[in-house]
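J.: Sharing a structure here in structure tokens format.
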DNA sequence: TAGCCGTGCTAAGCCGATTTAGCACCCGTC
DNA sequence: GACGGGTGCTAAATCGGCTTAGCACGGCTA
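Residue numbers (this note's numbering), protein chains in the order written: chain A, 7 to 366; chain B, 7 to 366.
Following this line, the structure appears as structure tokens:
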């Protein structure tokens with residue numbers, strides 16, 4: 007029992023002073039030795055040895071709080087999101103952030119705002135009070151958002167979001183929705199489809215649920231590629247909710263005027279799930295009667311039969327990138343305002359499964 | 007622009023000393039006033055007024071790191087999990103913990119171990135180095151686990167896990183799987199079903215994938231209730247993976263010997279999804295031809311047609327409870343070893359949807 | 001024998017707060 | 001006019017580490 011630290015039950019942590027006492031040197035010397043500056047400051051090998059032995063014997067670990075107090079850093083980042091941790095989808099974003107932070111020796115404070123600006127303010131303050139070295143402001147789904155005041159005083163990155171204020175001096179990391187939209191359309195064109203229905207938005211460029219970057223850009227990419235082939239969307243269904251029943255409904259109405267060779271792009275996988283249900287109920291088979299391409303790579307996509315071909319939101323990479331950039335910012339000691347803000351776009355990889363068939 | 011804090015660009019945080027200077031008093035006085043001990047220590051109302059005005063004008067906020075250094079606390083908890091944050095299911099657990107922590111004025115450090123004990127050790131150390139006031143050790147699925155050494159030196163709670171060591175002096179919070187098992191069986195009995203098939207485990211009490219508390223207890227509850235009605239499971243399918251294809255497979259084999267009035271209990275919702283697929287492909291309709299009851303309340307359950315009747319894992323409550331207990335432990339300043347460990351069981355509420363039909 | 005230099009270590013201040021002990025002043029009293 | 005007692009404020013220590021400046025000692029040179 008009680009193997010670590012050599013700590014007596016209820017005894018406090020071992021401090022540098024304890025080590026110094028045990029090694030019969032001053033705290034200064036102990037500090038010097040343990041921070042590797044022993045040679046530089048000409049501490050004899052004998053003493054260095056003694057200090058290190060004492061340190062090991064006692065299981066000394068420096069108190070980061072104290073170090074932080076002195077030099078103003080804490081090796082800690084704040085991760086404030088609207089609802090990422092709780093979300094069924096974006097957990098990987100946290101995971102990527104967590105992993106990358108750990109690799110750089112940082113810990114992560116996590117906070118959720120539920121979209122409440124007051125709560126967000128309080129959370130940010132609580133983190134700043136704890137001397138975080140930087141802040142990641144994350145959104146569950148890609149959108150533009152207001153950047154709270156004070157964030158230009160601190161290294162900070164927007165994750166899966168773009169700044170609303172044009173003047174904001176904050177960099178952002180978002181998925182490359184535009185490219186994914188193009189690729190989705192191209193995929194169906196390459197498979198020989200010429201009549202493509204969109205479920206979730208369209209057909210016009212402005213027929214998009216408000217505030218969603220994903221909707222706008224996916225639609226734009228799709229339209230752009232179709233235009234390049236001299237085509238227009240065969241139909242579009244603007245939906246403000248993107249849940250299975252919505253996809254079911256839209257697809258039902260499609261079935262009445264279905265012609266062989268038609269294909270569907272759904273703007274997310276839950277819509278696609280609804281589409282599967284509607285097609286199945288109508289006796290249609292995927293992909294023989296209908297090809298479907300989608301976006302997100304919800305775990306669902308892998309469970310459907312046949313598997314759903316979809317463009318994945320690179321959550322893990324998004325989280326990783328955001329931390330990577332933030333750590334750089336901190337290391338450079340760049341005042342955010344000094345650097346010019348950049349938008350980093352992370353590719354959305356294709357998960358090809360069984361929902362697309364070729365047409366001659 | 008630059009409205010908060012009255013901070014000049016790049017200026018450091020406002021400290022107590024700044025406030026004292028602005029109010030032309032000593033830091034001591036400022037501290038006394040701002041911590042509400044002004045009257046007690048007979049500071050004149052004039053001076054108190056002056057200090058408060060200065061504090062407001064400068065936007066002073068105390069540095070928690072410093073306070074923590076002095077009194078050894080940090081208003082911070084550590085949440086170490088195998089893979090909760092990333093999990094598709096258990097995000098709500100984090101959310102409950104986050105909310106509750108915030109309500110008590112705590113922030114949460116989150117860390118993921120991926121089940122790697124070395125990593126777990128490092129994360130725990132990193133948190134301890136940052137002076138966390140307590141630790142929650144969480145598991146994505148309910149299981150018994152080894153409690154790492156040192157955790158008996160610090161307030162700590164197991165979340166969704168039970169201690170492997172019988173001697174461990176740590177309390178735990180888990181879902182009440184046993185009661186849910188009983189309730190699931192009772193629900194089908196009440197609907198008039200007498201022939202009940204189990205997908206995921208059984209039929210014997212030991213036919214359970216290793217290491218899962220959920221499997222053991224759900225099965226035990228089901229068997230207990232059936233026995234009470236003088237029944238046995240009509241069949242059981244031990245599965246070591248609980249994914250849709252596994253459910254599909256098991257259900258297919260069930261279909262060959264299906265008799266009218268049979269019902270299925272699947273040990274989680276993904277198995278149920280597979281069962282739906284198999285039944286649908288065989289031309290069976292849920293719930294007319296087959297009633298299904300399940301566990302977890304995966305979002306999926308609400309998307310299926312008909313909706314899946316299932317017993318929810320109370321993730322949010324689990325997280326809340328764990329923090330609540332931990333905060334109590336911290337407030338009581340109880341040495342963990344002093345208190346006797348308790349296992350708190352949180353009820354699994356029924357989500358009744360459309361997958362169960364009554365038999366006369 | 002004073003001055004200089006190198007060696008090996010330490011005192012003391014600092015980070016930002018809290019807290020204990022106590023100082024200076026004024027009033028009233030004997 | 002010294003003493004006691006209340007009033008209103010502050011100096012200084014403390015938490016745990018880092019860092020700058022510098023001390024003490026011995027040996028060598030002038």
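Glycine included, each C-beta is placed from N, C-alpha and C at the ideal position.
Express the C-alpha separation of residue 182 of chain A and residue 359 of chain A in angstroms, rounding to a whole number.
T.: Each residue's Cα considered, the two are about 21 Å apart.
J.: Please check if any C-beta of chain B sits within less than 7 Å of the C-beta of residue 205 of chain A.
T.: Not one chain B Cβ lies under 7 Å of residue 205 of chain A.
J.: Beta-carbon of residue 65 of chain B versus every beta-carbon of chain A: anything under 7 Å?
T.: Not one chain A Cβ lies under 7 Å of residue 65 of chain B.
J.: By a C-beta neighbour count over all protein chains shown, 10 Å radius and 16 as the cutoff for buried, is residue 166 of chain B buried or exposed?
T.: The residue is buried, with at least 16 neighbouring Cβ atoms inside 10 Å.
J.: Among the residues of its own chain, which have a CB less than 6 Å from the CB of residue 209 of chain B, if the five just before and after it don't count?
T.: Counting only Cβ-Cβ distances below 6 Å, and skipping sequence neighbours, we find 239 and 242.
J.: Pop quiz: residue 276 of chain A and residue 250 of chain A are said to be a contact at Cβ under 8 Å. What is the actual Cβ separation, rounded to whole angstroms?
T.: Correct: roughly 5 Å between the Cβ atoms.
J.: So, using beta-carbon positions, are residue 269 of chain B and residue 193 of chain B closer together than 7 Å?
T.: Cβ distance not < 7 Å, so residue 269 of chain B and residue 193 of chain B don't count as in contact.
J.: Determine the DSSP secondary structure at residue 97 of chain A, reduced to helix, strand or coil.
T.: In the structure shown, residue 97 of chain A sits in a helix (DSSP, three-state: H, G or I).
J.: Select from B:71, B:45, B:72 and B:36 the residue whose C-alpha is nearest the C-alpha of residue 59 of chain B.
T.: Cα-wise, what sits closest to residue 59 of chain B is B:36.
J.: Out of A:48, A:83, A:237 and A:216, which has the shortest C-alpha to C-alpha gap to residue 207 of chain A?
T.: Cα-wise, what sits closest to residue 207 of chain A is A:216.
J.: Considering Cα atoms alone, identify which of B:85, B:28, B:151 and B:61 is closest to residue 129 of chain B.
T.: Minimum Cα distance to residue 129 of chain B is reached at B:85.
J.: May I have the straight-line CA-CA distance separating residue 323 of chain A from residue 102 of chain A, to the nearest angstrom?
T.: Spanning the two alpha carbons is a distance of roughly 6 Å.
J.: For the region 107-119 of chain A, list every residue whose C-beta sits within 7 Å of some C-beta in chain B, in sequence order.
T.: Residues passing the 7 Å Cβ filter: 113, 114, 115, 116, 117 and 118.
J.: By Cβ distance, which residues of its chain are closer than 7 Å to residue 332 of chain B, with the 5 residues on each side in sequence left out?
T.: Result list for residue 332 of chain B: 83, 140, 142, 161 and 163, in chain order.
J.: Is there a Cβ from chain A that is less than 7 Å from the Cβ of residue 136 of chain B?
T.: By this cut-off, residue 136 of chain B is an interface position.
J.: Figure out for me which residue from A:71, A:202 and A:147 has the closest Cα to the Cα of residue 97 of chain A.
T.: For residue 97 of chain A, the nearest C-alpha among the options comes from A:147.
J.: For a contact meaning CB atoms closer than 9 Å, what does residue 133 of chain A contact in chain B?
T.: Here the neighbours are 113.
J.: From residue 327 of chain A to residue 350 of chain A, what does the alpha carbon distance come to, in whole angstroms?
T.: Between residue 327 of chain A and residue 350 of chain A, the C-alpha separation is close to 9 Å.
J.: Please confirm whether residue 283 of chain A has its beta-carbon closer than 7 Å to some beta-carbon of chain B.
T.: Cβ-Cβ to chain B under 7 Å: yes for residue 283 of chain A.
J.: Between the Cα of residue 71 of chain B and the Cα atoms of A:288, A:285, A:66 and A:81, which residue gives the shortest distance?
T.: With distances taken between Cα atoms, residue 71 of chain B lies closest to A:81.
J.: Can you tell me whether DSSP reads residue 302 of chain B as helix, strand or coil?
T.: If DSSP states are grouped into helix, strand and coil, residue 302 of chain B belongs with the strands.
J.: Just grab the DSSP bridge partners of residue 82 of chain A for me.
T.: According to DSSP, residue 82 of chain A bridges with A:113.
J.: DSSP beta-bridge partners for residue 180 of chain A?
T.: The partner list for residue 180 of chain A (beta bridge, DSSP) reads A:351.
J.: Measure how close the beta-carbons of residue 224 of chain B and residue 112 of chain B come, nearest whole angstrom, since I'm counting them as under 8 Å.
T.: Actually they are not in contact, since the Cβ atoms of residue 224 of chain B and residue 112 of chain B sit about 33 Å apart, beyond 8 Å.
J.: Nearest to residue 321 of chain B by CA position, among B:33, B:280, B:305 and B:66, is which residue?
T.: Nearest of B:33, B:280, B:305 and B:66 to residue 321 of chain B, Cα basis: B:305.
J.: Mind listing, in chain order, the continuous alpha helix (DSSP H) runs of no fewer than 4 residues lying wholly within the region 223-294 of chain B?
T.: The qualifying runs are 250-261 and 275-287.
J.: Note down, in chain order, each residue of its chain lying with its Cβ closer than 7 Å to the Cβ of residue 9 of chain A, except the 5 sequence neighbours on either side.
T.: Confidence is the limiting factor: at residue 9 of chain A the pLDDT is only 28, short of 50, which leaves the residue's position unreliable, though a coordinate-based value still follows. Nothing listed; no residue qualifies.
J.: With a Cβ-Cβ cutoff of 7 Å, do residue 347 of chain A and residue 155 of chain A count as a contact?
T.: No, Cβ-Cβ distance for residue 347 of chain A and residue 155 of chain A is not below 7 Å.
J.: How far does the alpha helix (DSSP H) with residue 333 of chain A in it reach, from first residue to last?
T.: Taken as a continuous stretch (DSSP letters only), the alpha helix (DSSP H) holding residue 333 of chain A covers 321-338.
J.: Touch check for the region 276-289 of chain A and the region 257-267 of chain A: three-plus C-beta pairs under 8 Å?
T.: The region 276-289 of chain A is in contact with the region 257-267 of chain A.
J.: With a threshold of 16 other CB atoms inside 10 Å of the CB of residue 51 of chain A, please say whether the residue is buried or exposed.
T.: It is exposed - the Cβ of residue 51 of chain A has fewer than 16 other Cβ atoms within 10 Å.
J.: Should residue 236 of chain A be labelled buried (16 or more other beta-carbon atoms within 10 Å of its own) or exposed?
T.: It counts as exposed.
J.: Can you grab the Cα-Cα spacing for the pair residue 309 of chain B / residue 159 of chain A, in whole Å?
T.: Distance between the alpha carbons of residue 309 of chain B and residue 159 of chain A is about 45 Å.
J.: Under DSSP, the alpha helix (DSSP H) around residue 217 of chain A begins and ends at which residues?
T.: Looking at the DSSP string, residue 217 of chain A is not in any alpha helix (DSSP H), and its letter there is neither H nor E.
J.: Give me the Cα-Cα distance between residue 355 of chain B and residue 189 of chain B, rounded to the nearest whole angstrom.
T.: Going from the Cα of residue 355 of chain B to the Cα of residue 189 of chain B covers about 10 Å.
J.: Could you pull the start and end residues of the alpha helix (DSSP H) that residue 169 of chain A belongs to?
T.: Here residue 169 of chain A belongs to no alpha helix (DSSP H); instead the beta strand (DSSP E) covers 162-169.
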